[in-house]
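Reading through the structure tokens given below for one structure.
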Amino acid sequence: MTVATDAQLVEFADDVGDTDVVAVEGARTRWRVGGDLSLGARLVRAPAGILDYQPEEMIVRALAGTSVDELHAELKTRGQRTALARRAGTVGGALAVGENDVDVLGRGRIRDCVLQVKYVSAEGRIIKCGGPTVKNVSGFDVPRMMVGALGTLGLIGEVILRTNPIPATTTWITSDDADPFAVPNMVLKPSAVLWDGERTWVELEGHQLDVRAQEQDLGAIGTWRSCEGPPELPTHRWSLRPTDLRRLDCSEMGPYVASVGVGTVFATVAQPYRHVAKPLAELFDRIKHEFDPTERLNPGRSPVGRYR
């Protein structure tokens, strides 16, 4: 585990400053999401390390530059995990991009696991929002707004995340003849249901007897066999309404893996621009101006840019 101190966040704020255009560089696993970074932007790195872990309270406080793999390795020693996507690079990057893990139905949504965020504002100040418990938080939910904002509203430096227990048993099964949309009707709570147009993958988690019973129930809709895990996910992430998956036109996205019941599709082709209502675009512009009036934070990127 990387040794971390609170002073690292202050050093990060000093590095960001309050003048030139700046962007945070993490592991670059989703570097081009939301558009290409403007030329001339100065790159900075968020500090790394776990500051505090309270397994009995199921919360962990970590700096944004911490590797997601390192964080999960530490939590695993106490039988816990987070909702952060395992294919993400750093904690801050995972939150900035806002991608849920492939087994979001079991781990929960990334936006729901964020309790507190400390970020560096466009003025170079450290801003704290949220709190370590849900009960003592009131007012506008800024931590959730930071998730998926691509660092355009503030540069995430430190977070407190909710953890959850690692299930006693985890099993992946796959089928070539099952209807993926029938799976949620056969089992109570699958952790993941994936479909590439021909083949279905299901992740079942829980107590061993319950998992085995669910496997038997799924036998009513297809022939299943064990597999090591989910398929390799294509790079690009499409966001759709869950009901749209039934009418999926795969010709425009290339090979894909759809997350049934979630509305996320991982595809080899980036999602095309979609029109967004003018009031929504104007609302984002107003929020952006309030948080970053000089547009110095991650210039060139926009969480709604792909819709314009």
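Per this note's numbering: the sequence shown = residues 14 to 321.
Yeah, the Cβ is synthetic: ideal placement off N, Cα and C, and Gly gets one too.
Span of the beta strand (DSSP E) around residue i
i, result
"F279", "T277 to A280"
"R314", "Premise fails: R314 is in no beta strand (DSSP E) and is neither H nor E."
"V270", "Y269 to S272"
"V215", "T213 to G219"
"Q129", "V127 to V133"
"R238", "W237 to C240"
"V206", "A205 to W208"
"R99", "Segment: none, R99 is in no beta strand (DSSP E) and carries neither H nor E."
"R157", "Run containing R157: none in the beta strand (DSSP E); it sits in the alpha helix (DSSP H), V155 to M159."
"V57", "R55 to V57"
"I63", "I63 to Q67"
Cβ distance (whole Å) where residue i is taken to contact residue j below 8 angstroms
i, j, result
"G137", "A26", "6 angstroms"
"L22", "G274", "Actually they do not touch by this definition, with Cβ atoms about 38 angstroms apart."
"V200", "L231", "6 angstroms"
"T79", "A61", "5 angstroms"
"G111", "G167", "14 angstroms between Cβ atoms; not a contact."
"G48", "R314", "5 angstroms"
"V34", "P306", "Actually they are not in contact, since the Cβ atoms of V34 and P306 sit about 13 angstroms apart, beyond 8 angstroms."
"V127", "P156", "5 angstroms"
"A135", "F304", "7 angstroms"
First and last residue of the uninterrupted alpha helix (DSSP H) at residue i
i, result
"G170", "Not the alpha helix (DSSP H): G170 falls in the beta strand (DSSP E), residues L168 to R175."
"I300", "K291 to F304"
"A86", "V81 to K89"
"A109", "V104 to V110"
"V23", "A20 to V29"
"V115", "From DSSP, V115 is part of no alpha helix (DSSP H); its letter is neither H nor E."
"V196", "V196 to M199"
Residue i burial status per 10 Å Cβ neighbour count (16 or more: buried)
i, result
"P316", "buried"
"V289", "exposed"
"G39", "buried"
"R321", "With a pLDDT of 42 at R321, under the threshold of 50, the modelled position of that residue is not reliable, and the figure given next carries that caveat. Exposed, by the Cβ-count rule."
"P178", "exposed"
"A86", "exposed"
"T165", "buried"
"R129", "The amino acid at residue 129 is misidentified as Arg; the sequence shows Gln. Burial call: buried."
"G106", "buried"
"Q229", "exposed"
"E216", "buried"
"R299", "exposed"
"L88", "buried"
"E171", "buried"
"L52", "exposed"
"R43", "buried"
"L163", "buried"
Best match in the options for proximity to residue i [C-alpha to C-alpha]
i, options, result
"A191", "R100, W208, R91 and K291", "W208"
"D28", "L88, L56 and L166", "L56"
"H220", "P180, G92, L88 and L201", "P180"
"I173", "Q284, T277 and L76", "L76"
"V115", "A271, L296 and A294", "A271"
"D19", "A59, I123, P255 and L97", "A59"
"P285", "D154, E265 and W237", "E265"
"I140", "M159, P247, R122 and R124", "M159"
"I169", "V215, D49 and A109", "A109"
"I63", "R314, D305, V104 and I186", "V104"
"R187", "R260, P203 and R175", "Note on residue identity: the sequence assigns Thr, not Arg, to residue 187. Considering only alpha carbons, the answer is P203."
"E69", "S51, T176 and A195", "T176"
"F194", "R212, T248, T183 and Q67", "R212"
"L222", "P268, L293 and T183", "T183"
"D189", "W237, D154, L163 and D65", "W237"
"P268", "R260, A294, V282 and T256", "V282"
"R259", "P197, A36, G210 and Q227", "G210"
"L97", "R120, V37 and D31", "R120"
"V278", "N113, S239 and V196", "N113"
"A233", "Y66, P197, D65 and M71", "P197"
"S239", "T248, P247 and R225", "R225"
Q.
Does the contact criterion of 3 or more C-beta pairs under 8 angstroms hold for the segment 231-244 versus the segment 252-259?
A. Because the criterion of three Cβ pairs below 8 angstroms is not met, the segment 231-244 and the segment 252-259 do not touch.
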